[in-house]
Structure formats: structure tokens, C-alpha cells
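Below is one structure, written out as C-alpha cells, with a few remarks after it.
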Amino acid sequence: MNSAPAETGPEAIQAKPKMAARGVNVFYGDNHAIKDIDLDLYADKVTSLIGPSGCGKSTFLRCLNRMNDTIPICHVTGEILLEDENIYTSGIDVVQLRARVGMVFQKPNPFPKSIYDNVAYGPRIHGLAAHRTDLDEIVTTSLEKAGLWQEVKDRLDSSGTALSGGQQQRLCIARAIAVNPEVILMDEPCSALDPIATAKIEALIDELSGRYAIIIVTHSMQQAARISRKTAFFHLGEMVEYGDTTEIFTSPKEDRTRDYITGRIG
Amino acid sequence: MTERNVPHAELSTGPTDWKSGAMQARIARRYRRERIFQSLGLGAVVISVLFLVFLLGNIVKNGAYGFVQTSVSIDVTFSADLLGDPTSLSPEAFTEKVRKTNMLRLIQTSMQELFPEVKGRRDTRTLLRIVSTGARAQLRNMILADPALIGTTKRVELLTSDDIDQVIKGNIDISLPEANRKVKDNELSWLQTLQNDDRISLNFHSQFLTGGDSREPELAGVWGAIVGSAFTLMVTLLTAFPIGLCAAIYLEEFAPKNRFTDIIEININNLAAVPSIVFGLLGLAVFLSVMGMPRSAPIVGGLTLALLTLPTVIIASRASIAAVPPSIRDAARGLGASPMQVVFHHVIPLAMPGIMTGTIIGMARALGESAPLLMIGMVAFIVDIPGSINDAATVLPVQIYLWADSPERAFVEKTSAAIMVLLFFLIAMNGIAIWLRQKFEQKW
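First to last, the sequence lines map onto chains A and B. Our numbering numbers the first residue of the first sequence as 5 and each following residue consecutively. Our numbering numbers the first residue of the second sequence as 143 and each following residue consecutively.
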């Protein structure tokens with residue numbers, strides 16, 4: 005049942021994936037958007053999903069915490085395992101799943117509330133803090149981990165929407181971290197940001213990579229090469245190739261991967 | 143047709159000659175069309191503003207006099223023989239005696255002092271008609287409030303009857319032959335005498351705002367209708383807002399999108415355009431006939447108007463719920479908020495300004511509605527101020543309708559004045575809606 009590409013070196017030994025897709029198909033009505041995907045995602049390795057627009061990488065990402073459930077015509081078959089448990093079986097509590105698998109979106113979407121309330125919202129609804137002091141602690145550490153604490157510590161009461169784009173996105177990351185997830189999904193988190201803000205987010209992803217399994221969808225191959233250890237290339241709903249990032253970018257096995265990386269398709 | 147008359151530039155391969163005659167003609171024509179369109183638009187605005195100004199001006203012109211009323215000052219002697227002596231009688235007995243006394247005799251004594259030449263029953267009665275029938279209650283209340291008045295003579299301002307009031311306000315044409323007017327020559331001459339004595343004055347009439355309805359225009363007030371409207375709107379708000387909001391939330395956030403919900407949606411949109419009297423018939427059939435609720439009561443009126451307001455509330459609420467950006471829902475969902483938490487923590491607070499605006503606009507419409515209330519009996523003549531939602535009551539627009547229907551000339555100005563009161567409440571409600579929208583509007 006190991007359909008992921010063969011691993012090499014010491015990484016192959018500790019290979020118990022955090023999340024795994026097994027024969028995943030996604031349909032939007034009659035449109036077959038994702039075709040039979042098998043993919044292992046590891047806790048300690050940032051994984052990039054790359055591919056041209058409309059290739060299904062975001063759709064696949066949104067399957068990993070069942071965000072696609074809200075689209076009525078969207079239909080998913082196959083299994084997605086989170087620590088050996090299929091998240092698409094009927095007994096799964098989607099609310100709890102999304103607390104374990106957090107998400108950062110393409111466009112920064114802080115709540116129109118204070119910075120404090122933005123970060124504290126997740127812990128509040130899940131009852132993670134018994135006292136106000138615990139909540140303060142969670143907010144502080146989350147903002148610290150997201151590298152935003154120094155910039156906002158004096159204005160936690162001001163609105164989250166008043167921050168700059170890059171700060172907003174880091175606030176969204178802090179908000180996701182505050183729930184203490186195991187996996188963080190990032191859907192093109194830098195596509196609405198300028199290069200400086202992008203660099204900060206990339207550095208942040210690098211820093212967080214040890215603590216959370218991070219799966220990131222990106223349009224920028226340079227970004228994928230910079231921040232991820234594993235890369236999956238999607239094309240027209242299929243996963244063409246999956247492997248170590250260095251390998252994908254230096255010696256791709258598939259012609260389509262090479263064509264995309266060298267800019268011939270996309 | 144016009145397009146063909148304009149010469150087109152010759153097709154050439156070179157750069158476009160923007161200075162050619164054909165091009166200049168095109169440009170001139172474009173400018174002319176813009177000017178004509180703008181002046182048409184401006185004209186439309188001017189015409190509608192003129193209509194509005196004319197309407198408001200007319201109402202204010204007619205209604206301003208509704209807030210003032212003519213009074214006549216006469217010297218009343220509070221005779222102890224007639225009224226009883228508060229020093230010798232117990233307070234209860236004194237009160238009883240005052241209540242039983244015909245106050246007209248006090249007025250008659252004073253008036254006859256002023257016009258000793260008036261003799262005979264008929265002329266005396268005509269003379270007494272200068273003073274409003276409400277003057278008796280006014281005197282009685284004065285005495286009961288201050289028994290020390292007994293034995294003294296005091297100059298008292300009493301309301302005049304509506305006919306005399308109309309003469310003072312210039313609404314009765316006294317140049318007409320005597321037979322063709324309500325106020326006769328002898329009354330006019332007495333009135334002239336009183337005016338010469340400086341006993342006639344036109345004062346602000348607070349009873350119009352604090353009193354209930356009356357058959358006498360000078361005694362009629364809008365307070366009963368205002369209280370009735372307030373009770374009715376309270377029932378409407380308490381019914382239509384929660385039901386409408388819940389329906390909107392369910393339809394927008396939870397309902398499956400299928401043929402059945404489509405049909406419901408179409409029906410709600412159509413209900414908003416149903417003539418209001420139909421809702422009155424529905425209220426009559428359901429609330430009065432089937433459920434046996436009290437006739438003419440604000441509770442029934444409020445429920446009927448709630449039926450009328452519901453589609454407005456639902457449509458406005460759905461629109462503002464749908465206007466909350468999906469990214470906020472995604473953000474909350476991505477953190478593991480349950481569907482209900484997404485709605486109540488994020489969507490509803492953000493949609494609230496729009497929901498409240500829609501609700502207030504709906505309430506304002508309900509406040510101005512009279513047709514459905516006619517069907518459930520809120521059109522009765524009710525003097526008492528309603529004390530609860532179960533008491534018989536009327537509402538402002540129905541009160542206006544009733545007064546507009548009255549034959550007395552003096553009700554014309556009362557009608558306009560009541561319209562001014564109604565417009566005041568409508569403008570205030572719309573003002574609150576605008577204020578709420580601006581205060582809570584979320585900037586993204």
C-alpha cells in the first residue's frame with residue numbers, strides 16, 4: 005500500500021506519514037477535478053504543492069481539513085488518513101478535525117476584531133484556556149511564534165484589519181497556531197504580499213517547520229525550492245510527480261515536471 | 143438612423159486623424175448628447191423636489207394651526223353656594239359635590255356679566271357655545287386641584303369651540319351671507335367685543351399631543367394614537383424581528399439548495415409585494431376568527447403588521463448576511479468553529495447593521511400602514527389612552543384617516559397636524575436607521 009515514491013537515505017526509515025491520501029478523487033458536479041491521488045505527508049518536512057493554475061492543488065489542500073464540505077456540489081472519494089484515521093468516515097467530528105488541521109488562506113482574512121480577540125478566538129471556542137491568564141499566555145506565545153509580538157504588543161486592542169498585509173497574514177498564522185494544531189495547511193499564503201512580507205513569512209514557515217506539519221500550495225517555484233523539503237507537482241488534476249524538493253527541481257523523472265519547471269507549460 | 147447621418151472617417155492605414163471634420167462632428171455630438179442627458183436627469187430631480195416641497199409645504203401650512211387653539215379669558219367666580227365649602231365639608235363630600243355641579247352655570251354667570259344685554263334661552267345658549275364643551279372639565283379639574291379657589295374670582299383661559307376657533311384662524315369666510323355660514327352675526331359681534339377686550343388669544347395647545355381622540359376638534363389629541371402605534375409596533379418588532387432573523391439565517395446559511403427552498407425564496411420575495419389589505423384579511427381570519435383574540439387590540443394589529451413586515455425583514459437580513467465576505471466564514475471554519483459558531487460569532491455581528499436597517503425600514507412601513515388595521519377593527523372611535531396591548535386602540539395613520547373623514551372644518555388642520563406627527567416619527571426612525579448603518583458599518 006506504499007504508493008508514495010520510494011524514499012532514499014535515512015528519511016526512509018522513520019517514514020510514518022502524518023497524513024496520507026489514498027486514491028483520492030474529487031468531483032465538482034460532473035467535473036473530475038482531482039484524479040486518484042496517493043500522497044504521504046510527513047510531520048517534520050514542509051511539503052509544497054506546485055502546478056499551473058487550475059491543476060487541483062488548492063482543491064486537494066482543502067480536502068485535507070474538509071473545507072470542501074461547504075461546497076454542495078463537491079464530492080470526495082478515497083481515503084485521507086490523519087494518523088491512520090480516515091477523516092472522511094462518518095464518525096469524524098469535522099470541528100475537531102479543523103482544530104487539528106489548521107489553515108492559512110491566500111488572502112489575509114483576520115476577523116474585524118482586536119488583534120487579541122483574533123488570536124484568542126480559537127482557544128476560546130475550543131475551551132483551551134481555563135483562565136484569563138492562560139489565554140493571555142496562549143495569545144502571547146502564538147504571536148511570538150508568528151514573529152508578530154514585537155510589532156503589536158503595545159496595541160493588542162486595535163483592530164486586526166488595521167495591520168499591513170504581511171502583518172495580517174502573520175496574525176492569521178498566529179491565530180492558526182493558537183489552537184495548537186498538528187498540521188497547518190497554507191493556500192498560497194504569500195501571493196497577496198510584497199517581497200519583504202513574503203520573506204518574513206518564508207522565514208516563519210522555516211521556523212515553524214519543526215513543530216507543525218506544514219503543507220503549502222504555491223505558485224512560485226523559487227518559493228517551493230526555498231522552503232520545502234518535499235514537493236508534489238500537480239497537472240490537470242493528476243499528481244505527476246512527488247519527491248524530495250532538490251530531486252524534483254534538479255532531476256525530475258517526468259517530462260511534464262521538467263517542462264513545467266523550465267517554464268514550458270503552465 | 144442618427145448614426146448613419148454622421149460621416150465616418152475614411153478607412154486608412156495611417157494614424158487616425160483626430161482633427162478631421164468627421165471626428166470633430168462626432169465629438170461635438172457626443173458632448174451634446176451628454177449635456178441633454180444630464181439636463182434631463184437634473185430636470186427629473188427638480189420636478190421631484192418641487193413635488194416634495196409642495197406636499198410638505200401644504201401639510202405644514204395646514205397643520206401648523208392644528209398645534210394652536212383659540213382661548214377666551216373670562217372672569218369666573220367660584221361661588222361657594224354652588225360648589226360647596228371645602229372648609230365645612232369633608233374632602234370626599236366636597237369632591238362629590240364638585241363632580242355633580244354643572245360647571246356650565248359658572249361659565250353662564252361670567253358670560254352674562256360680560257354680555258348683560260343677552261336675554262332669552264336661545265340667545266344664552268348661543269352665547270355659551272363660544273366656549274368649548276371641554277371647558278367644564280377644565281374648570282372642574284381646576285377646582286379639584288386647588289379647593290382654595292372657592293369664594294374667589296379669577297381670570298381663566300378657556301378653550302373656545304371649534305367654530306369660533308376657525309373664525310379666529312380665518313378659515314370661515316365671514317363675508318358670506320349669514321344663512322350660508324355656521325357662525326352667525328350675533329356670535330361674530332360678541333367675538334368682536336371679546337377681541338376688543340383683548341380676551342381672545344391663540345396659544346400652543348398641548349392637549350393635541352397629550353390627549354386622546356374626541357368628537358370635538360378642539361379637544362381631540364393624538365396621544366391615544368401614538369400609544370396605540372407604539373404598542374402595535376412593539377408587538378410587530380418582537381414578532382417579526384426574531385422570526386425574520388431566524389428564517390433569514392436558516393435560509394442563507396443552513397438550508398440545502400434545492401427546489402423546495404427555491405420555491406420558499408420566490409414566495410418570500412413575492413409576499414413583499416402583496417397588497418397590505420390582504421394581510422388584513424388574513425389577520426381577520428386567523429387572529430380574530432380562529433384564535434379569538436380581542437378586536438381592535440394592538441396585539442392583533444401588531445401580529446398582522448408582523449406578517450406584512452416579515453418579508454422585508456427576511457429579505458434585508460438575507461442580503462446583509464450574504465454580503466459578509468466568505469473569507470470570514472472560511473477563517474472561522476478553518477479554526478474549527480461549528481456552523482452555529484460561525485454564524486453567531488462572525489456572520490451575524492457583521493451583518494447586524496444591515497439587519498437593523500432593514501428591520502427599522504420595515505417598522506417604518508408598518509407604522510405608516512392603515513389598510514390591514516381597518517380589517518381588524520382598529521378603526522373604532524376610541525377616546526381612552528390604551529393601557530396594554532389588549533385594550534382597544536387605534537394607530538396614527540388610522541387616526542388621520544378618521545379625522546380626514548370628519549365633517550368639521552377644524553379637523554382639516556388636525557389631520558395635517560397628525561400627519562406632521564406621523565412624519566416626525568417616520569423621519570426619526572429612518573434617521574436612526576441611517577445612524578446605525580454609519581456607526582456600525584464595517585470597513586474591510
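Ideal Cβ positions, reconstructed from N, Cα and C, are used throughout, including at glycine.
Nearest candidate by alpha-carbon position, reference residue i, set the options
| i | options | result |
| --- | --- | --- |
| Tyr125(A) | Pro514(B), Leu477(B), Val554(B) | Leu477(B) |
| Ala367(B) | Glu394(B), Phe486(B), Ala439(B), Ala390(B) | Ala439(B) |
| Val80(A) | Val30(A), Ala103(A), Asn122(A) | Val30(A) |
| Asn283(B) | Ala513(B), Lys239(B), Ala382(B) | Lys239(B) |
| Asn72(A) | Val98(A), Asp88(A), Leu240(A) | Val98(A) |
| Ile406(B) | Ala390(B), Pro417(B), Ile419(B), Leu291(B) | Ala390(B) |
| His465(B) | Ala164(B), Ile527(B), Arg241(B), His488(B) | It is worth fixing the name first, because residue 465(B) is Ala in this sequence and not His. Closest by alpha carbon: His488(B). |
| Leu270(B) | Glu320(B), Leu515(B), Leu301(B) | Leu301(B) |
| Gly496(B) | Gly276(B), Arg579(B), Ile524(B) | Arg579(B) |
| Lys242(B) | Ile490(B), Gly226(B), Glu255(B) | Gly226(B) |
C-beta neighbour in chain A for residue i, strict 7 angstroms
| i | result |
| --- | --- |
| Asp307(B) | no |
| Thr144(B) | Below a pLDDT of 50, predicted positions are generally treated as unreliable, and Thr144(B), at 48, falls in that range; the measurement from the model is reported next regardless. No, Thr144(B) lies away from the interface with chain A (no Cβ there is under 7 angstroms from its Cβ). |
| Leu477(B) | yes |
| Ala473(B) | yes |
| Ser462(B) | no |
| Gln142(B) | Outside the displayed span of chain B (143 to 586) sits residue 142(B), for which this structure offers no information. |
| Ser469(B) | yes |
| Ser480(B) | yes |
| Ile497(B) | no |
First through last residue of the beta strand (DSSP E) which encompasses residue i
| i | result |
| --- | --- |
| Glu299(B) | 295-301 |
| Ala134(A) | Segment: none, Ala134(A) is in no beta strand (DSSP E) and carries neither H nor E. |
| Val108(A) | 105-108 |
| Met190(A) | 187-191 |
| Gly327(A) | For residue 327(A) there is no data in the structure shown, the boundaries of chain A being 5 and 270. |
| Ala37(A) | 35-45 |
Residue range of the unbroken alpha helix (DSSP H) whose run includes residue i
| i | result |
| --- | --- |
| Leu509(B) | 490-509 |
| Lys581(B) | 552-582 |
| Met243(A) | Not the alpha helix (DSSP H): Met243(A) falls in the beta strand (DSSP E), residues 242-248. |
| Phe421(B) | 418-425 |
| Leu281(B) | 277-287 |
| Phe237(A) | Unbroken run through Phe237(A) is the beta strand (DSSP E), 234-239; no alpha helix (DSSP H). |
| Ser371(B) | 365-391 |
Coil, strand or helix - residue i by DSSP
| i | result |
| --- | --- |
| Pro9(A) | Interpretation of Pro9(A) is limited by its pLDDT of 47, a score under 50 that renders its predicted location unreliable; the figure taken from the coordinates is listed afterwards. In the structure shown, Pro9(A) sits in coil (DSSP, three-state: anything other than H, G, I, E or B). |
| Leu197(B) | helix |
| Thr74(A) | helix |
| Ile590(B) | With chain B running from 143 to 586 in the structure shown, residue 590(B) is simply not present. |
| Ala206(B) | helix |
| Gly214(A) | coil |
| Glu258(A) | coil |
| Val214(B) | strand |
| Glu259(B) | coil |
| Asn409(B) | helix |
| Lys20(A) | coil |
| Ser52(A) | strand |
| Asp339(B) | coil |
| Ala397(B) | coil |
| Ser459(B) | helix |
| Met143(B) | Unreliable positioning characterises Met143(B) in this predicted model, as indicated by a pLDDT of 46, which lies under 50. A coordinate reading is not provided. |
Short CB-CB distance (under 7 angstroms) between residue i and chain B
| i | result |
| --- | --- |
| Gly126(A) | yes |
| Ile77(A) | no |
| Asn113(A) | yes |
| Ile129(A) | yes |
| Ala201(A) | no |
| Ala133(A) | no |
| Arg260(A) | no |
| Val30(A) | no |
| Arg66(A) | no |
| Ala103(A) | yes |
| Met107(A) | yes |
| Val183(A) | yes |
| Thr50(A) | The amino acid occupying residue 50(A) in the given sequence is Val; Thr does not appear at that position. It does not; no Cβ of chain B falls within 7 angstroms. |
| Val123(A) | no |
| Val80(A) | no |
Under 8 angstroms from the C-beta of residue i: neighbouring residues of chain C
| i | result |
| --- | --- |
| Leu492(B) | No chain C is part of this structure, whose protein chains are labelled A and B. |
Inter-stretch contact (C-beta, 8 angstroms, three-pair minimum) for the stretch 524-536 of chain B and the stretch 155-164 of chain A: Contact fails: fewer than three Cβ-Cβ distances are below 8 angstroms.
The stretch 58-65 of chain A / the stretch 37-49 of chain A touching (three or more Cβ pairs under 8 angstroms): Result yes; three or more Cβ-Cβ pairs closer than 8 angstroms.
Touching by the beta-carbon criterion (3+ pairs, under 8 angstroms), the stretch 464-481 of chain B and the stretch 545-563 of chain B: The stretch 464-481 of chain B vs the stretch 545-563 of chain B: no contact.
At least three beta-carbon pairs within less than 8 angstroms, the stretch 211-231 of chain A to the stretch 177-194 of chain A: Yes, they touch.
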